[in-house]
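Same order as they appear, the protein sequences are chains A and B.
Our numbering applies: residue 1 is where the first sequence begins, and numbers increase by one.
Our numbering applies: residue 1001 is where the second sequence begins, and numbers increase by one.
Don't be surprised by glycine CBs; every beta carbon is placed ideally from N, CA and C.
Below: the structure, in structure tokens.
Number of protein chains: 2
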Amino acid sequence: MTTSTSTPAPASILLADDHALVRRGVRLILDAEPDLGVVAEAGDGAEAVAALRTTEVDLVVLDIAMPRMTGLQAAREIARRREPPKVLMLSMHDNEQYFFESLKLGASGYVLKSVADEDLVAACRAALRGEAFVYPGVMSALVRDYLDRLRRGETVPTTVLTEREDQVLKLIAEGATSKEIAAALTISVKTVEKHRASILARLGMRDRTQLTRYAIRAGLIEP
Amino acid sequence: MTTSTSTPAPASILLADDHALVRRGVRLILDAEPDLGVVAEAGDGAEAVAALRTTEVDLVVLDIAMPRMTGLQAAREIARRREPPKVLMLSMHDNEQYFFESLKLGASGYVLKSVADEDLVAACRAALRGEAFVYPGVMSALVRDYLDRLRRGETVPTTVLTEREDQVLKLIAEGATSKEIAAALTISVKTVEKHRASILARLGMRDRTQLTRYAIRAGLIEP
DNA sequence: CGCGGTATGGGGTCCACCACCCATATGCGG
DNA sequence: CCGCATATGGGTGGTGGACCCCATACCGCG
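Here's what the structure looks like:
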């Protein structure tokens, strides 16, 4: 039942955002394009990763700030797969640090939620073609430099925090005590305290309240 | 050019959200309903208030977290008008404090961005009819009590915090220790601790990290 | 005038936080 | 292979946070 004009199958998209309303809106925008189609949704990073085990998609659109598992953590997981789909990060903030993190984790694009819908569509298409799409608003000199280095194959330092430290930081900022964090990650309280000390030292901060503000600024958690 | 079946003019809606993508999605959802129509958009609270000076609308849908002027501040301004439109708050968080603030400021409804689109439509219609719509997820015993009191015309204290407590909260959230706060306000450390305890009790929170997040949400400090 | 709320200050207790010290295992790159 | 970073776990001790007790003083309201 194909029409005479050849219509290739639209690119399949997994959409992950913790707000159903946002998912609905983005889906309406993407489904309106003939070459794009949302085939699955996820409410957090863990759901997104789980969905990929049963559903093959061409592109994953990931919100960064999500409960349980952030978009960054999900991107890390997704990049470990044999044939990873393209990944487009969707962020509330034009925070340079998480932009770098996203690129390092293999994301193909990074767009802000403040963009117009045509830009989102363009970003999806660019990501599907394998091009790096960056919303102009975040294209600073730093970013250009970073992309140049990537092209030359140089290793880029911007590690900031390790994966484990990110997890601990998120829980600290959400108000969890060391004991609760230890239980959540099934490690000892001492190890949690060690991670916290490392984070504090690396970020040059003194206590949890500053870490909380940092995590919010970085978009790691919701205010 | 009216059709034979009488179609009353759809309710006019002003939509305020700082993310163009979210505005687009919500507009698609609302415009799909024959009795609802978005006639204006705003990217922050100040724009929303300004738009109301030139455009009469039946309902204003306000995101709470917006730059320059938050949805709460905008709701306060809107309520001061002679014939204020209905106001529906759109929030990322099921935070009771926000919810109470919204009701106190005259908002007719409060829905979370995690709701489905049908719920958003239902909330808009309820607000237009003058009914209080509350997304079930935030309907706690506290909320019921509050609404009951409002119905009886009782004055509700909800000032939340005293002036002194606000000062202390601000300093706590900025990362100051009790000793530093005591020095800044020229009072004793014990008094600072007493204030902190009062704030924690009144907001139902446990520690400083939660206070930090609250202060950021309330716009008391910058992230 | 008493009563409640606010602001002030002090006492003590318990525990979490934070800063040092230490160790072992793993994996990666020069 | 050797060092370095990461992740794990432990010990020790100081400080501050969180939660009790107590009191005094002021101010406004019924």
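Under 7 Å from the C-beta of residue i: neighbouring residues of chain A
i: residue 1116 of chain B; result: 20
i: residue 1024 of chain B; result: 25, 29, 117
i: residue 1084 of chain B; result: The contacting residues do not exist; residue 1084 of chain B stays about 25 Å from chain A at best.
Test item: CB-CB of residue i and residue j under 7 Å
i: residue 39 of chain A; j: residue 27 of chain A; result: no
i: residue 11 of chain A; j: residue 88 of chain A; result: no
i: residue 1221 of chain B; j: residue 1174 of chain B; result: yes
i: residue 1030 of chain B; j: residue 1063 of chain B; result: no
i: residue 1212 of chain B; j: residue 177 of chain A; result: no
i: residue 48 of chain A; j: residue 1116 of chain B; result: no
i: residue 51 of chain A; j: residue 42 of chain A; result: yes
i: residue 1059 of chain B; j: residue 1085 of chain B; result: yes
i: residue 1071 of chain B; j: residue 1045 of chain B; result: yes
i: residue 199 of chain A; j: residue 165 of chain A; result: yes
i: residue 1015 of chain B; j: residue 1061 of chain B; result: yes
i: residue 18 of chain A; j: residue 92 of chain A; result: no
i: residue 192 of chain A; j: residue 183 of chain A; result: no
i: residue 111 of chain A; j: residue 126 of chain A; result: no
Coarse secondary structure for residue i, derived from DSSP in three states
i: residue 18 of chain A; result: coil
i: residue 198 of chain A; result: helix
i: residue 174 of chain A; result: coil
i: residue 1009 of chain B; result: coil
i: residue 25 of chain A; result: helix
i: residue 65 of chain A; result: coil
i: residue 192 of chain A; result: helix
i: residue 184 of chain A; result: helix
i: residue 1220 of chain B; result: coil
i: residue 161 of chain A; result: coil
i: residue 168 of chain A; result: helix
Beta carbon proximity, residue i to chain A, threshold 7 Å
i: residue 1186 of chain B; result: no
i: residue 1008 of chain B; result: no
i: residue 1125 of chain B; result: no
Cutoff 7 Å: residue i Cβ touching any chain B Cβ
i: residue 34 of chain A; result: no
i: residue 170 of chain A; result: no
i: residue 113 of chain A; result: yes
i: residue 216 of chain A; result: yes
i: residue 212 of chain A; result: yes
i: residue 14 of chain A; result: no
Within chain A, the residues that residue i reaches when beta carbons sit closer than 8 Å
i: residue 1120 of chain B; result: 21
Range covered by the alpha helix (DSSP H) that runs through residue i
i: residue 1128 of chain B; result: 1117-1128
i: residue 79 of chain A; result: 71-79
i: residue 47 of chain A; result: 45-54
i: residue 215 of chain A; result: 208-217
Proximal residues of chain B, C-beta to C-beta of residue i below 7 Å
i: residue 207 of chain A; result: 1175
Contacts of residue i in chain B (Cβ-Cβ under 9 Å)
i: residue 67 of chain A; result: In chain order: nothing, as chain B lies at least about 10 Å away.
i: residue 196 of chain A; result: Under the 9 Å cutoff, chain B gives no residues; its nearest Cβ is about 12 Å from residue 196 of chain A.
For residue i, the first and last residue of its enclosing beta strand (DSSP E)
i: residue 1088 of chain B; result: 1086-1091
i: residue 109 of chain A; result: 109-112
i: residue 1041 of chain B; result: 1036-1042
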